[in-house]
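There are 2 protein chains.
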Amino acid sequence: MRDQYYEQLDAIVDDLVNLTGTVRRAVADATKALLEADAQIAESVIAGDKDIDEATEIIEERALLLLATQQPVATDLRQLVATLRMLTDLQRMGDLSVHVAKVARRRMPDSAVPEHLHPTITAMAAVADSMIDSASRIVADRNVDAAGQLENEDDEMDRLRKDLLRSLLGDSWTYGVEPAVDLALLGRYYERIGDHAVSMARRVVYLVTGQLS
Amino acid sequence: MRDQYYEQLDAIVDDLVNLTGTVRRAVADATKALLEADAQIAESVIAGDKDIDEATEIIEERALLLLATQQPVATDLRQLVATLRMLTDLQRMGDLSVHVAKVARRRMPDSAVPEHLHPTITAMAAVADSMIDSASRIVADRNVDAAGQLENEDDEMDRLRKDLLRSLLGDSWTYGVEPAVDLALLGRYYERIGDHAVSMARRVVYLVTGQLS
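Take a look at the structure:
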């Protein structure tokens, strides 16, 4: 009975880790659509979100079924509850990718990001990608030591977002209000993607160490 | 045993509904701090967030304990899981109030909102307040009929946010980039507060009807 429980739990965690890969691609594609003003990629990110939602719901149903049929307690219970919450994090990261893709789409055929800010957005997307990857490995291996690095990456994300805001608000900003509004929101979306990765990692840390970080 | 279960579940739901009241006050106070540039109120919202976090954690622990000791199945299980998720919604609404209060604080002694946009922000805050109130009553009474009104309020929130963005991007905008960036983010924060209220209501609707709206 217990062996079967862990087998099913492992399968659920595997699927969650796979979904993390899908979300990573959504973030990367949304960024590509944004920087290259590529309408086709933007549409594919927007349309693809329903796959992330569906995958989330399927994994969620299986977790609830396992909860109901095997009635885990203590750490096993906490792990299943943590899994349900991480699914919410992943779903939100998918939604945020759609927001990025929609900003991209609204400004086509131009890019919503002025050329000199491409490196900043590229860096934010790279940090987000690395953060989701770290979170995914922390979930897969329950390696809480890797969580420290993720907090560093989160600091880097904050730094990049502040740089971005400083650019928009500096005297050398000559693009007017509309691109500034887009970029302020884009900065917020990437920051939130990173926050959700941190939130996933913290749930694992809490499971393993019993400490809220 | 079952009676005791429902008694404990009712107590948890009561506490969740009470917490909803605290979150409503945080949103209202943050708005007051923003429009009146009141530093003291802004600080109290920022400091008060840890109370919301602590209350969330206490209710969460009790829900997990009930889950572990009484091992509910079927609808009872789903209701407890829904409760855990609604706690996450409430915690996020608290965080978003802090974001509003921090924008207010950053622009003091001025208000971050130009006078002619006070009515729009006041309206967004009023809709958010009414949405949290609706969500709270839907949770307390499991009255799914009220959920329809909440979706209307959500449409109203979207409309207000679009109005706000149009103001920022119109030719008559003479305040420059910085207030526009603040207002774009503020609009996003109020919209997200409303989204979390909708998310709470949808969880109740799903529990009662078994239908994802």
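Residue numbers (the UniProt record's numbering), protein chains in the order written: chain H, 1 to 213; chain C, 1 to 213. Virtual Cβ for every residue (Gly too), placed ideally from N, Cα, C.
Span of the alpha helix (DSSP H), counted from its first residue to its last, around residue i
| i | result |
| --- | --- |
| C:S166 | The residue you asked about is not Ser; residue 166 of chain C is Arg in the sequence shown. From DSSP, the alpha helix (DSSP H) with C:R166 extends over A146 to L169. |
| C:D95 | A74 to R106 |
| C:T174 | Per DSSP, C:T174 belongs to no alpha helix (DSSP H) and is neither H nor E. |
| H:R142 | Per DSSP, H:R142 belongs to no alpha helix (DSSP H) and is neither H nor E. |
| H:V113 | Premise fails: H:V113 is in no alpha helix (DSSP H) and is neither H nor E. |
| C:D38 | Neither: C:D38 is in no alpha helix (DSSP H) and is coded neither H nor E. |
Sequence-distant residues of the same chain with beta carbon closer than 6 Å to residue i, five excluded per side
| i | result |
| --- | --- |
| C:E156 | V127 |
| C:L67 | L80 |
| H:T56 | L87 and Q91 |
| C:S199 | D89 |
| H:G187 | R161 and L164 |
C-beta atoms of residue i and residue j nearer than 8 Å
| i | j | result |
| --- | --- | --- |
| H:L90 | H:A63 | no |
| H:G194 | H:D145 | no |
| C:A201 | C:A135 | yes |
| C:Y189 | C:V113 | no |
| C:H118 | C:L35 | yes |
| H:V181 | C:A184 | yes |
| C:A123 | C:L160 | yes |
| H:A140 | H:V45 | no |
| H:R142 | H:V98 | no |
| C:M93 | C:V27 | yes |
| H:D3 | H:I59 | no |
| H:Q71 | C:Q40 | no |
| C:S111 | C:A42 | no |
| residue 215 of chain H | H:R166 | Within the shown structure, residues of chain H are numbered from 1 to 213, placing residue 215 of chain H beyond reach of any answer. |
Sequence-distant residues of its chain with Cβ nearer than 7 Å to residue i (five each side left out)
| i | result |
| --- | --- |
| H:D163 | T120 |
| C:R203 | A82, R85 and M86 |
8 Å CB neighbourhood of residue i in its chain, flanking five on each side removed
| i | result |
| --- | --- |
| C:G148 | none |
| C:D53 | Q91 and G94 |
| H:Y5 | L66, Q70, P72 and D76 |
Listed from N- to C-terminal order along the chain, which residues in the UniProt domain "PhoU" (121–204) of chain C have their beta-carbon within a distance smaller than 8 Å of any beta-carbon of chain H?
-> Residues L165, L168, L169, W173, G176, V177, E178, A180, V181, A184, L185 and R188.
Do three or more CB pairs link the region 2–13 of chain C to the region 63–81 of chain C at distances below 8 Å?
-> Yes: the two stretches touch, three or more of their Cβ pairs being nearer than 8 Å.
Could you list the residues in the region 73–88 of chain H with a C-beta less than 9 Å from some C-beta on chain C, going in chain order?
-> Against chain C - using a Cβ distance shorter than 9 Å - the residues of the region 73–88 of chain H are V73, A74, L77, R78, V81, L84, R85 and T88.
Three-pair Cβ contact test at 8 Å for the region 14–26 of chain H versus the region 104–112 of chain H | Between the region 14–26 of chain H and the region 104–112 of chain H, the count of Cβ pairs shorter than 8 Å is below three; the stretches do not touch.
Does the region 24–43 of chain H touch the region 118–137 of chain H, meaning 3 or more C-beta pairs lie closer than 8 Å?
-> Taking a contact to require three or more Cβ pairs closer than 8 Å, the region 118–137 of chain H and the region 24–43 of chain H qualify as touching.
Touching or not, the region 162–178 of chain C and the region 169–178 of chain H, by the rule of three or more beta carbon pairs under 8 Å?
-> Because the criterion of three Cβ pairs below 8 Å is met, the region 162–178 of chain C and the region 169–178 of chain H touch.
Please list the residues of the region 52–71 of chain C that have a C-beta atom closer than 7 Å to any C-beta atom in chain H, keeping them in chain order.
-> Of all residues in the region 52–71 of chain C, L64, L67, A68 and Q71 have a Cβ within less than 7 Å of some Cβ in chain H.
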